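See below for the structure under consideration.
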Ligand code: ADQ
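In my numbering, the protein residues as written are 1 to 437.
Here's what the structure looks like:
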């Protein structure tokens, strides 16, 4: 996404504003303006308290788990909620002077839900759009959030609100009709409340196809593929690449692989699973827990099924470049992407993009990833069911090359054509033209 927004900004001009990712002792009010390769970025630092309450707190311990249907992990703390509002207020205050009268303003993701409304309060009359990268939960879950109504009302200050797919859009429209009593046109996505109207629509995000293919043509990618293939010595490589996050279904996936080895012990010599999972959000407790759970489960399965010359699961706790990932994907005849819930999931699309069309690998994909609505020819699974996962692995291992090619052929068009540049253009064109109410 960063790459796509960079190229859109280069083409159309504009400024990218956000948190620098840095902590500062005191609130300085300084905006750090940088011009790099035709793109201007404007960033601010946040204080330790802001990061704690806003980023690790409300954004990543309340909204993230709730929006991924994990009520059990959702924390409801008044203090972090106040921190979230305070930081959004601060962002609005800082970005306001940078907005020119004819600018389109595009706000991204759950960290900034109320930003548009805070800008309106400061007199910004521009067209403002918002895109949510993660799912929108069903109304029955969402109403567990204290002040849910206040939060959604702020979203109705945007001219255009985008979601990854029809399912999240439908949940949002349902909430607006049922809980706010808004007038909702389910065909057009227009929501009208107290004389103001907003358009809500689905814009499935894609990968940066050209950039990814260019990475794939590099020596780095070719070496990575060779390294992987030579290390697996006649076994089929199956790969998973995820941020270490409980929404990605990693422990459940390891259970499914364990079930496969239990059910088909004679096939331990046919398969090696490679899990690449760099840690993320390490200051949040639930992320520390998922890390130790995964280490424990991987250790158990390796203990039970290893031989002196064979380890069935390779678990790698670090990130790789896109060129290396391309090579690893291409060298793996099975891609395992099994989130419990995911807005889209770009790894699934990258896996498809990296395959050799004459001898493609099989994508096993969770039916609960947004990507499943576009990649219907993957082997779709219920990621909660170890039996379902085990069965899918067996099907993928035994699939004929004709069937692999047919499935790949059916998916490659959408991965190539519905790319991130298209997504950016579609959203921005709609925002520029949307009827304002
Ligand atoms: P994420 O939850 O981060 O994004 P995803 O879309 O799968 O999830 O990945 C984003 C990118 O990170 C991909 O390009 C992938 O290659 C890269 N990545 C993941 N693991 C990596 C690793 N181990 N090493 C190196 N790179 C790695 C959120 C939402 C998603 C949505 C995206 C974009 O949660 O549902 O698809 O935003 O909208």
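The beta-carbon is built from N, C-alpha and C at its ideal position, and this holds for glycine as well. Here the structure is a predicted model, which means the values were calculated and not measured.
With a cutoff of 9 Å on beta-carbon distance, residue 383 and residue 338 are scored as near each other. Straight through space, the alpha carbons of residue 216 and residue 222 are spaced by roughly 7 Å.
Per DSSP, the beta-bridge partners of residue 201 are 162. By DSSP's assignment, residue 274 forms a beta bridge with 239 and 314.
Under the rule that a run must span 3 or more residues, the beta strand (DSSP E) segments found entirely inside the stretch 22-66 read 32-36 and 39-46. DSSP, read as helix, strand or coil, puts residue 342 in strand. Rounded to whole angstroms, the gap between the alpha carbons of residue 224 and residue 5 is 28 Å. With a cutoff of 8 Å, residue 276 counts as near ligand 1, since its C-beta is closer than that to a heavy atom of the ligand. When the five nearest sequence neighbours on each side are left out, the beta carbons in the same chain lying within less than 8 Å of the beta carbon of residue 418 are those of 204, 206 and 374, in order along the chain.
About 6 Å separates the CB atoms of residue 156 and residue 196; that is less than 8 Å, so the two are in contact. By alpha-carbon distance to residue 427, the top candidate from 349, 66 and 199 is 199. Spanning the alpha carbons of residue 79 and residue 57 requires a straight line of approximately 9 Å. Between the alpha carbons of residue 176 and residue 182 lies a gap of roughly 6 Å. No residue range can be given for residue 133, since it is assigned to no alpha helix (DSSP H) and is classified by DSSP as neither H nor E. Taken through DSSP and simplified to helix, strand or coil, residue 364 comes out as strand. Taking all protein chains shown into account, residue 95 has 16 or more neighbouring C-beta atoms within 10 Å of its C-beta and is therefore buried. By the neighbour-count definition (other C-beta atoms within 10 Å, threshold 16), residue 88 is a buried residue. In the three-state DSSP reduction, residue 108 falls in the strand class (E or B).
Judged by DSSP in its simplified three-state form, residue 260 adopts helix.
Under the three-pair Cβ rule at 8 Å, the stretch 273-291 counts as touching the stretch 241-253. For residue 71, the CB contacts under 7 Å within the same chain, skipping 5 residues up- and downstream, are 141 and 144 in chain order.
The C-alpha of residue 201 lies about 48 Å from the C-alpha of residue 233. In the three-state scheme derived from DSSP, where H, G and I count as helix and E and B as strand, residue 372 is classed as helix. In the three-state DSSP reduction, residue 383 falls in the coil class, being neither helix nor strand. Around residue 399, the same chain offers 362 as residues with beta carbons nearer than 7 Å, after the five sequence neighbours per side are excluded. When DSSP assignments are scanned along the stretch 67-129, the uninterrupted stretches of alpha helix (DSSP H) that are 4 or more residues long and fall wholly within it turn out to be 78-95 and 115-121. Secondary structure at residue 207: coil, using DSSP grouped into helix, strand and coil. Between ligand 1 and residue 350, a heavy atom-to-CB distance of less than 8 Å is present.
As the crow flies, the alpha-carbon of residue 146 is around 7 Å from that of residue 76. A buried status is given to residue 258, since no fewer than 16 other beta-carbon atoms sit within 10 Å of its beta-carbon.
For residue 434, there is no enclosing alpha helix (DSSP H), since its DSSP letter is neither H nor E. A Cβ-Cβ distance of about 6 Å is found for the pair residue 348 and residue 369, placing them in contact under the 8 Å criterion. When DSSP states are grouped into helix, strand and coil, residue 307 belongs to the strand group. In the DSSP secondary-structure assignment, residue 334 is bridged to 238 and 362.
Comparing C-alpha distances from residue 137 to each of 355, 99 and 172 shows the shortest one belongs to 172. Your pair residue 60 and residue 341 does not check out as a contact, with CB atoms roughly 15 Å apart and the cut at 8 Å.
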